[in-house]
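Taking our numbering, the leading residue of the sequence shown gets 304, the next gets one more, and so forth.
All C-beta atoms, glycine included, are put in the ideal place defined by N, C-alpha and C.
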Amino acid sequence: MSTEIAEPAAPGRDRLHPEPRVEPLIFERSGQGKHGYSLPPLDVPETVAIPKHLLRAEIEGETQVSEVEIARHFTRLSRLNFSIDQGLYPLGSCTMKHNPRLNEEMARLPGFAASHPLAPEEVSQGTLELAWRLERALAELTGLARVTLQPAAGAQGELAGILMVRKALEKTGRPRTTVLIPDSAHGTNPASAHFAGYKVKELKSNAKGTVDLAALEAAMTEDVAALMLTVPNTLGVFEDRILDIARIVHGKGGFLYCDGANFNAFVGVAKPGKMGVDVMHMNLHKTFSTPHGGGGPGSGPVAVAESLVPFLPRPTVEHRSDGRFVLDFDRPESIGRLRTFLGNFGMFVRALSYIASYGNRISEVAQNAVLNANYIRAGLAGVYHLKYDAPTLHEVVFSDKNQTGNGISNMDIAKRLMDYGFHPPTVSFPLIVHGALMIEPTETEGKPGLDAFIHAMREIARECAEDPEIVRGAPHTTPVRRVDEVGAARNLVLRWRP
Ligand SMILES: *Cc1c(COP(=O)(O)O)cnc(C)c1O
Numbered sequence: 304m305s306t307e308i309a310e311p312a313a314p315g316r317d318r319l320h321p322e323p324r325v326e327p328l329i330f331e332r333s334g335q336g337k338h339g340y341s342l343p344p345l346d347v348p349e350t351v352a353i354p355k356h357l358l359r360a361e362i363e364g365e366t367q368v369s370e371v372e373i374a375r376h377f378t379r380l381s382r383l384n385f386s387i388d389q390g391l392y393p394l395g396s397c398t399m400k401h402n403p404r405l406n407e408e409m410a411r412l413p414g415f416a417a418s419h420p421l422a423p424e425e426v427s428q429g430t431l432e433l434a435w436r437l438e439r440a441l442a443e444l445t446g447l448a449r450v451t452l453q454p455a456a457g458a459q460g461e462l463a464g465i466l467m468v469r470k471a472l473e474k475t476g477r478p479r480t481t482v483l484i485p486d487s488a489h490g491t492n493p494a495s496a497h498f499a500g501y502k503v504k505e506l507k508s509n510a511k512g513t514v515d516l517a518a519l520e521a522a523m524t525e526d527v528a529a530l531m532l533t534v535p536n537t538l539g540v541f542e543d544r545i546l547d548i549a550r551i552v553h554g555k556g557g558f559l560y561c562d563g564a565n566f567n568a569f570v571g572v573a574k575p576g577k578m579g580v581d582v583m584h585m586n587l588h589k590t591f592s593t594p595h596g597g598g599g600p601g602s603g604p605v606a607v608a609e610s611l612v613p614f615l616p617r618p619t620v621e622h623r624s625d626g627r628f629v630l631d632f633d634r635p636e637s638i639g640r641l642r643t644f645l646g647n648f649g650m651f652v653r654a655l656s657y658i659a660s661y662g663n664r665i666s667e668v669a670q671n672a673v674l675n676a677n678y679i680r681a682g683l684a685g686v687y688h689l690k691y692d693a694p695t696l697h698e699v700v701f702s703d704k705n706q707t708g709n710g711i712s713n714m715d716i717a718k719r720l721m722d723y724g725f726h727p728p729t730v731s732f733p734l735i736v737h738g739a740l741m742i743e744p745t746e747t748e749g750k751p752g753l754d755a756f757i758h759a760m761r762e763i764a765r766e767c768a769e770d771p772e773i774v775r776g777a778p779h780t781t782p783v784r785r786v787d788e789v790g791a792a793r794n795l796v797l798r799w800r801p
């Protein structure tokens, strides 16, 4: 990336190594009387006069910039940032995979992009059919009965799922009090259970990092509404005793919730519905390649078994026998609406494109995601420490244990990766691995990218031993160097004031 962002290097400075520059705020570029647009003079009578008291003569600090300045400002900012189109983005658990351009083409088709959410059903048949087809595809892939597409993110999907469990149990007269969550779960799980009105009880993992069946058996009482199980768990390890887990949970009348945000680890290979899962959310913005992390909104559909279908959010999309697609609001046991309209519709188009472009070969997504993670695991084994030696699926969690001797932490290693042109991996998560470096390459990375990443990680390990200062001071090549994270969190400045 070029470090020469705003203006040419000042005379006298080493022109080959100019100081990294930071783009000024758009407000700071503002100058009186500049316009980013021009309108022809009004040539019709001004019929609606805005009342004087509603008009502001002046807006304090109003930004006045030209169109060229705006275009350059945002283009420069985009070049200061790192994106998936620039290089490997191995942020574990986040699944930062390539966003195929075909998906974008489909989402931009005017019939989809310009459809109005309030348009009547007669003129919305195409959009309703697309939602229905995506629901059918997700139901098929999960082996569950039906799917709601409404939730705007994985965490909202979790909330929807647990609210459906609650509704189903309330119907029996006892909503129960507690949700069990393993200590290896994603942090959103306890938050969602709490939001749905449940107490959370943590389950300790065994030495392999999976659910300890004896601990589950002891904790699973008739006060427990559900077990929320992340599959594969945040170590990337598959719960190989899931059938026993389901038996224990169902034996006490509880529901098995599967956090399937990372369904990319086994999509097309195995069906959660066949494993005893009653309810599961997926992240279209992970498994099904829709952009996220600043690239677009999330989408967290929830698939449910037959027993939870009556409680799905309303409206559902139905395919009538005369071929029409309709919205069904007449669902008296529904948990209600979670979000406006159908959900983040543009993401449905992209996800269905991804699913359809694989067709019957969709298991290749999971197979290549697992292959790539294990390639990295093998390439770095012995160099970085692996706390849990269980076989991993789509991601691998190392720790900084072999490197801490020189006062180096996982954060330093992550920052140093930026100098090698990679986005840092997830650090310090999952909490059960101290100094975690959680790496997820995804299926869209080719062998050259993986080799370059392994090489960089090995080089950094060498630097940790031979030249620790360079690692501790990283990054050295980014426009903004090490930031004061504590200061930034304690002393929030979110507003520019004139
Ligand atoms: C990403 C993730 C979530 C949360 O999804 P959001 O869309 O960020 O709300 C939940 N669980 C797991 C396992 C995840 O990886």
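Within a Cβ cutoff of 7 Å, which residues of the same chain sit near residue i, ignoring the five residues on either side of it in sequence?
| i | result |
| --- | --- |
| residue 587 | 593, 602, 604, 650, 654 |
| residue 334 | 367 |
| residue 714 | 730 |
| residue 446 | 574, 575, 576, 577 |
| residue 557 | 523, 527, 528, 529, 530 |
| residue 385 | 726 |
| residue 314 | Only weak support is given to the placement of residue 314: the predicted model assigns it a pLDDT of 40, under 50, and the value that follows is read from those uncertain coordinates. No residues qualify anywhere along the chain. |
| residue 652 | 409, 410, 415, 433 |
| residue 671 | 746 |
| residue 618 | 630, 631, 632 |
| residue 491 | 457, 458, 461 |
| residue 372 | 332 |
| residue 525 | 555, 556 |
Check the DSSP bridge columns for residue i and list the partner residues they point to.
| i | result |
| --- | --- |
| residue 485 | 506 |
| residue 631 | 619 |
| residue 606 | 450, 583 |
| residue 741 | 700, 729 |
Can you tell me where the beta strand (DSSP E) with residue i in it begins and where it stops?
| i | result |
| --- | --- |
| residue 736 | It is not in any beta strand (DSSP E) - residue 736 carries neither H nor E in the DSSP assignment. |
| residue 562 | 558-563 |
| residue 533 | 527-533 |
Leaving out five residues on either side along the sequence, give the residues of the same chain with a beta carbon under 8 Å from the beta carbon of residue i.
| i | result |
| --- | --- |
| residue 623 | 629 |
| residue 801 | 330, 363, 364 |
| residue 551 | 516, 519, 520, 523 |
| residue 497 | 503 |
Does the beta carbon of residue i come closer than 7 Å to any beta carbon on chain D?
| i | result |
| --- | --- |
| residue 784 | Within the model displayed, chain D is absent; a lone protein chain is all it includes. |
Leaving out five residues before and five after residue i in sequence, what residues of the same chain have Cβ atoms less than 6 Å from its Cβ?
| i | result |
| --- | --- |
| residue 534 | 542, 561 |
| residue 469 | 478, 499 |
| residue 311 | Since pLDDT at residue 311 reaches only 39, below the 50 mark, its modelled position is unreliable, and the value read off the structure follows with that caveat. Counting only Cβ-Cβ distances below 6 Å, and skipping sequence neighbours, we find nothing. |
| residue 370 | 339 |
| residue 636 | 613, 614 |
| residue 596 | none |
| residue 722 | 777, 778, 779, 780 |
| residue 690 | 702, 736 |
| residue 764 | 686 |
| residue 438 | 450 |
| residue 430 | 418 |
Could you give the first and the last residue of the continuous alpha helix (DSSP H) run that contains residue i?
| i | result |
| --- | --- |
| residue 549 | 545-554 |
| residue 761 | 750-769 |
| residue 491 | 491-498 |
| residue 381 | 370-383 |
| residue 520 | 516-522 |
| residue 790 | 788-793 |
Problem set entry | Any alpha helix (DSSP H) of 4 or more consecutive residues that is wholly inside the region 653-726 | 666-683, 713-722
Exercise. Okay, do the region 475-494 and the region 502-522 touch, 3+ Cβ pairs below 8 Å being the bar?
Worked result: yes
Problem set entry | Inside the region 386-470 only - alpha helix (DSSP H) runs reaching at least 4 residues | 404-411, 413-416, 428-445
For this session: Kindly confirm or deny that the region 628-646 and the region 545-558 touch, where touching means at least three C-beta pairs closer than 8 Å.
Result: In short, these stretches do not touch, since the Cβ pair count stays below three.
Exercise. At a cut of 8 Å, does the region 712-727 reach the region 755-771 through at least three beta carbon pairs?
Worked result: yes
Exercise. Do the region 425-440 and the region 732-743 touch if we need at least three Cβ pairs shorter than 8 Å?
Worked result: no
For this session: Pair every Cβ in the region 672-687 with every Cβ in the region 696-705, then say whether three or more of these pairs are closer than 8 Å.
Result: yes
Exercise. Is the region 663-683 in contact with the region 566-573, if contact means three or more CB pairs nearer than 8 Å?
Worked result: yes
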